[in-house]
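Taking this note's numbering, the leading residue of the sequence shown gets 1, the next gets one more, and so forth. Beta carbons: idealized from backbone N, C-alpha and C, even for Gly. Everything numeric in this text was worked out from a predicted model, so none of it was measured. Below is one structure, written out as structure tokens, with a few remarks after it.
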Amino acid sequence: MAKKILILNGSPRANGNTAALIDAFTEGAQAAGHTITRFDLRSMKVNGCLGCCRGGKDPQNPCVQRDDMAKIYPVYQEADLVVFASPLYYWGFSGQLKCAIDRLFAVAELDPDCRNPIKSAALLMAAEDTYDNTFAPVLFYYQSVLRNLGWTDCGHVCAGGNLEAGAILQKPGQLAQARALGASL
Ligand SMILES: Cc1cc2nc3c(=O)[nH]c(=O)nc-3n(C[C@H](O)[C@H](O)[C@H](O)COP(=O)(O)O)c2cc1C
């Protein structure tokens with residue numbers, strides 16, 4: 001069945017390695033008939049959560065803050081699958097992506113029991129290191145989020161060995177993994 005896929009791109013580099021993973025994933029997913037909506041957070045104004053817990057009143061724009069999350073909320077609410085795409089920064093997601101994720105809490109606040117909507121997810125990530133445990137902390141976090149939200153994990157591509165923007169273009173195997181993940185959904 002055709003899925004609505006939301007991609008949250010947390011990389012600050014327009015032509016970076018995360019962007020290349022996203023392009024390959026998108027190719028695979030679109031060939032399989034899925035619809036992609038991608039937000040490049042680097043060129044959007046997405047503030048950090050204020051922790052006010054006063055959201056959840058307006059279904060269209062449930063946060064009290066007025067910024068570019070207003071564009072993301074309706075797509076998120078419609079999406080079957082959310083792709084978290086980010087460079088590995090200090091063994092975690094980039095700040096840009098984490099801010100957007102925290103702001104999704106305002107959607108949960110629409111529910112009387114503060115339940116998050118149930119979705120599937122995937123992870124696309126680039127990093128410099130290639131150690132056995134390079135991605136262990138971020139995968140633990142990603143899988144913990146999904147487990148606690150009750151979301152289904154559709155898979156991840158963690159592409160190490162990529163420091164400079166575009167380094168991944170010399171690694172067709174990593175891009176093929178991202179394309180295959182998109183096509184597998
Ligand atoms: C602030 C910062 C923190 C980083 N932290 C890590 C890290 O913890 N582990 C790692 O392997 N690479 C780390 N890197 C390297 C990036 O993950 C790597 O360059 C990645 O390919 C960048 O993706 P992009 O091209 O999409 O921006 C860091 C880079 C920056 C700028």
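Contact check, residue i vs residue j, beta carbons under 7 Å
i: D67; j: K98; result: no
i: G155; j: A122; result: yes
i: D102; j: C49; result: yes
i: L41; j: Q77; result: no
i: L185; j: K3; result: yes
i: T134; j: P87; result: no
i: G182; j: F25; result: yes
i: I22; j: A79; result: no
i: C63; j: G51; result: no
i: G28; j: R179; result: yes
i: G233; j: S144; result: Since the first and last residues shown for the chain are 1 and 185, residue 233 lies out of range.
Residue i - DSSP class collapsed to helix/strand/coil
i: P172; result: helix
i: A19; result: helix
i: G95; result: helix
i: F39; result: strand
i: F84; result: strand
Residue i: first and last residue of the uninterrupted alpha helix (DSSP H) it sits in
i: V75; result: M69 to E78
i: A165; result: Counting along the chain, A165 falls outside any alpha helix (DSSP H), and DSSP gives it neither H nor E.
i: L88; result: Counting along the chain, L88 falls outside any alpha helix (DSSP H), and DSSP gives it neither H nor E.
i: N9; result: No alpha helix (DSSP H) contains N9, which is instead part of the beta strand (DSSP E) from K4 to N9.
Rounded separation between residue i and residue j - CA only
i: S120; j: Y73; result: 16 Å
i: L188; j: V75; result: This structure gives no information on residue 188, because the portion of the chain shown stretches from 1 to 185.
Host beta strand (DSSP E) of residue i (start-end)
i: S120; result: S120 to A126
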